[in-house]
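Q: In this note's numbering, the protein residues as written are 55 to 118.
1. Please report the distance separating the alpha-carbon of residue 126 from that of residue 76.
2. Cα separation between residue 107 and residue 83?
3. Using C-beta distances below 7 Å, list every residue in its chain close to residue 92, excluding the 5 sequence neighbours before and after it, in chain order.
4. Contact defined as beta carbons within less than 8 Å: I believe residue 110 pairs with residue 89. What is the distance between those atoms, to the nearest angstrom?
5. Here's a check: name, in chain order, each residue in its chain whose Cβ is nearer than 8 Å to the Cβ of residue 58, leaving out the five neighbours to either side.
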């Protein structure tokens, strides 16, 4: 069952679901528990967002 919950939560995170919604859905008392439990996924998402921002800035800087 834990694997199913983890997979479900991972899918929600990758689809950009609101962290407060996810935390409430999981029955966590506060989002800190959710953030700590799924920090490895959130770190990957942050890296992807940083790469996207870098690309946007690069496109703007090199625009003609």
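Glycine included, each C-beta is placed from N, C-alpha and C at the ideal position. Remember, it's a predicted structure, so these values are computed and weren't measured experimentally.
A: Per the coordinate set shown:
1. No answer is possible for residue 126: the residues shown for the chain start at 55 and end at 118.
2. Roughly 33 Å between the two C-alpha positions.
3. The answer, listed in chain order, is 63, 67.
4. Between residue 110 and residue 89 a beta carbon distance of about 26 Å is seen, past the 8 Å cut, so the two are scored as non-contacting.
5. Closer than 8 Å at the Cβ level, and outside the excluded window around residue 58, lies no residue.
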